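Report on one structure; see the data block that follows.
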Amino acid sequence: TLPQLKNLDLSNNAFKDLAALEAWRRKFPKLDHLIVSGNPLEQAEPDYATKFMAWYPKLRLLNTVQVRSDQDAESGRQVADIPFPIKGPNFQDEGQIAENFLRTFFAGYDTDRATLAQHYYDEQSDFSLAVNTAAPRDPTRSHETAPQEWDAYIKRSRNLKKITQLPARQSRLCRGAQAIHESWSTLPVTRHPDLATQPQKWLIECQSQPGIPDPTGASPVGVDGFLITVHGEFDEIDVSGQVKKTRSFDRTFILGPGGPTGVRVVNDMLTIRAYGGFAAFEPDHNEPQVPAEAGVPVLPPGLTPEIAEQMVLELQKQTSMTVQYAKDCLEQVQWDFDRALQAFAAVRANLPADAFVQAA
């Protein structure tokens, strides 16, 4: 592969669709300009521009047309500038129960897993681990993939896409504090970023979860608890405290009442994947601070964000307008594509020069 490659011209070939280029999907993490004009895939894949932008997070020019700003290309940002900005996390806590649990949990997981298991888990608690070896990797980092880099996890992985037999699925589900601790003890020693000093490396959401089993049996319909989802990273460290590998993870907790602290983990699902960075966690700080009802435009019923993004890129392709102007045009006609083309034709002569992309 050519990891430093920035410009690639594949024009006037016989690539019939994106599948023909799938093998190169993660080969060029620094690709800046890609030319695929004159290939059948332009007709076969109407949303090819969106796909290439997702494949190559630093891609700035496609067929000489700028598809990503210099700033977004520099940061490797993959989200197009259309009206679906990245929002901050939704954290609905009560009495700092979830916050205190998280601060205690990850510190304990890194230093004393045996005590942690007895502290928050009981004989009805469940834990499972899944390995996602196909997750996207951080394009800004060089990755050296070792042949056995997942050996410490793969035998316990309960990835339901890979493990299809019921006995295997059941054997990989740990129930009870003792079984959970035994499973944890086989996993590498970890060090998570500090929640207080490195919050940018975490994305944590929390919401109320009704129907949690009541350990006292007093409520047949269950009690209220919390559903917590955590996305972050950790370092695997050796006996001397040196970092061996950095990985990303996703962890989902269901919390209910019980245990010595009043909080028990009902279910704990951990997914481990290759390091993917934390750029996707960053909310859009340039969004105006306005009330929710006056903020992001509401799409018409039946129009998904994915389809809206394709409409923006197609309008840009047909008119040579910038993404922002194409988006504004569609908003003004309630996302009616034909009306957007008519509106563009009516005002084209009056549009400023910066309404159009500049060819490289």
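In the numbering used here, the protein residues as written are 373 to 732. Yeah, the Cβ is synthetic: ideal placement off N, Cα and C, and Gly gets one too. Being a predicted model, the structure only gives us computed values, none of them experimental.
Handout entry: Beta-carbon proximity check, Y492 vs R636, cutoff 8 Å
Key = Annotated as proximal: Y492 and R636, with beta-carbon spacing under 8 Å.
Practice task
Would you list the residues sitting across from M693 in a DSSP beta bridge?
Solution key: DSSP output for M693 lists F728 as bridge partner(s).
Practice task
Output the distance between the C-alpha atoms of G460 and F625, rounded to the nearest integer angstrom.
Solution key: In a straight line, the C-alpha of G460 is about 20 Å away from that of F625.
Handout entry: beta strand (DSSP E) segment containing P582, residue limits
Key = Start and end: L575 to I584.
Problem - H603 - partner residues in DSSP beta bridges - result: As computed with DSSP, H603 is found in a beta bridge with L575 and D622.
Handout entry: N- and C-terminal bounds of the alpha helix (DSSP H) containing F477
Key = Membership of F477 in the alpha helix (DSSP H) is indicated by the continuous run I469 to T483.
Exercise for the section: Excluding the 5 residues preceding and the 5 following L474 in the sequence, name in chain order all residues of the same chain whose CB lies nearer than 8 Å to its CB. Expected result: These residues qualify, in order along the chain: L567, I576, I600 and V602.
Problem - Length of the line joining the Cα atoms of F707 and L671 - result: Here residue 707 turns out to be Trp, not Phe, going by the sequence shown. The straight-line gap separating the alpha-carbon atoms of W707 and L671 is approximately 8 Å.
Problem - Identity of the residues DSSP links to G361 by a beta bridge - result: Since the first residue shown for the chain is 373 and the last is 732, residue 361 is missing from the structure and cannot be characterised.
Practice task
Take R645 and list the residues in its own chain whose beta-carbon comes closer than 6 Å to its own, dropping the five residues that flank it on each side.
Solution key: Same-chain partners within the cutoff: N504, A507 and S620.
Handout entry: Span of the alpha helix (DSSP H) around V719
Key = Per DSSP, V719 belongs to the alpha helix (DSSP H) from F709 to V719.
Problem - Range of the contiguous beta strand (DSSP E) that encloses L406 - result: Boundaries of the beta strand (DSSP E) around L406: H405 to I407.
Exercise for the section: Kindly confirm or deny that the region 545-553 and the region 573-591 touch, where touching means at least three C-beta pairs closer than 8 Å. Expected result: With the cut-off at 8 Å, the region 545-553 and the region 573-591 do not touch.
Exercise for the section: Pull up the CB-CB distance for E605 and F650, whole angstroms please, since I reckon it's below 8 Å. Expected result: In this structure E605 is in contact with F650, their Cβ atoms being roughly 7 Å apart against a cut-off of 8 Å.
Practice task
Would you mind sorting R440 into buried or exposed? The rule is 16 or more other CB atoms within 10 Å of its CB.
Solution key: R440 counts as buried, since no fewer than 16 other beta carbons sit within 10 angstroms of its beta carbon.
Handout entry: Beta-carbon proximity list for N639, same chain, < 6 Å, skipping 5 on both sides
Key = Excluding sequence neighbours, N639 sits near D498 and I626.
Practice task
Would you check if the region 405-412 and the region 379-394 touch, i.e. whether three or more CB-CB distances between them fall below 8 Å?
Solution key: Counting Cβ pairs under 8 Å, three or more are found: they touch.
Handout entry: Among L403, E394 and L382, the one whose alpha carbon lies nearest that of P375
Key = With respect to the C-alpha of P375, the residue from L403, E394 and L382 having the closest C-alpha is L403.
Handout entry: S557 beta carbon less than 8 Å from that of R509
Key = Annotated as distal: R509 and S557, with beta-carbon spacing of 8 Å or more.
Problem - Among W427, E608 and Q520, nearest to A395 - alpha-carbon criterion - result: Out of W427, E608 and Q520, W427 has the C-alpha closest to the C-alpha of A395.
Exercise for the section: Grab the span of the alpha helix (DSSP H) containing L413 for me, first residue to last. Expected result: Its alpha helix (DSSP H) spans residues L413 to A416.
Exercise for the section: Would you kindly report the start and end of the unbroken alpha helix (DSSP H) that includes A426? Expected result: If you look at A426, you'll find it in the alpha helix (DSSP H) that goes Y420 to W427.
Problem - Best match in L723, G674 and T676 for proximity to A698 [C-alpha to C-alpha] - result: Residue L723 is the option with its Cα nearest to A698.
Practice task
List the endpoints of the continuous alpha helix (DSSP H) containing L380.
Solution key: No alpha helix (DSSP H) contains L380, which is instead part of the beta strand (DSSP E) from N379 to D381.
Exercise for the section: With a threshold of 16 other CB atoms inside 10 Å of the CB of V593, please say whether the residue is buried or exposed. Expected result: Exposed: under 16 other Cβ atoms inside 10 Å.
Practice task
Could you check the C-alpha separation between K527 and P401 for me, to the nearest Å?
Solution key: Their Cα atoms are separated by approximately 31 Å.
Handout entry: For S555, the first and last residue of its enclosing alpha helix (DSSP H)
Key = Residue range A549 to S557 is occupied by the alpha helix (DSSP H) that includes S555.
Practice task
Indicate the three-state DSSP secondary structure (helix, strand or coil) for E608 in the structure shown.
Solution key: E608: strand per DSSP, three-state reduction.
Handout entry: alpha helix (DSSP H) segment containing A540, residue limits
Key = In the DSSP assignment, A540 falls within the alpha helix (DSSP H) that extends over L538 to S543.
Handout entry: Other residues of its chain near L382: CB distance less than 6 Å, five sequence neighbours each side excluded
Key = So the qualifying residues of the chain are V408.
Practice task
Measure the Cβ-Cβ separation of V595 and P629 and say whether it is below 8 Å.
Solution key: Contact flag set, yes.
Problem - Residue from L532, F477, P539 and N531 with nearest C-alpha to T562 - result: Out of L532, F477, P539 and N531, F477 has the C-alpha closest to the C-alpha of T562.
Problem - Local conformation of I526 per DSSP, three classes - result: Residue state, collapsed to three classes: helix.
Exercise for the section: Mind checking which residues open and close the beta strand (DSSP E) that includes N504? Expected result: Note, N504: beta strand (DSSP E), D498 to N504.
Exercise for the section: With DSSP as the reference, label Q376 as helix, strand or coil. Expected result: DSSP places Q376 in coil when its eight states are reduced to three.
Exercise for the section: Indicate whether Y481 and L501 have their beta-carbon atoms separated by less than 8 Å. Expected result: Taking C-beta atoms as the reference points, Y481 and L501 fail to come closer than 8 Å.
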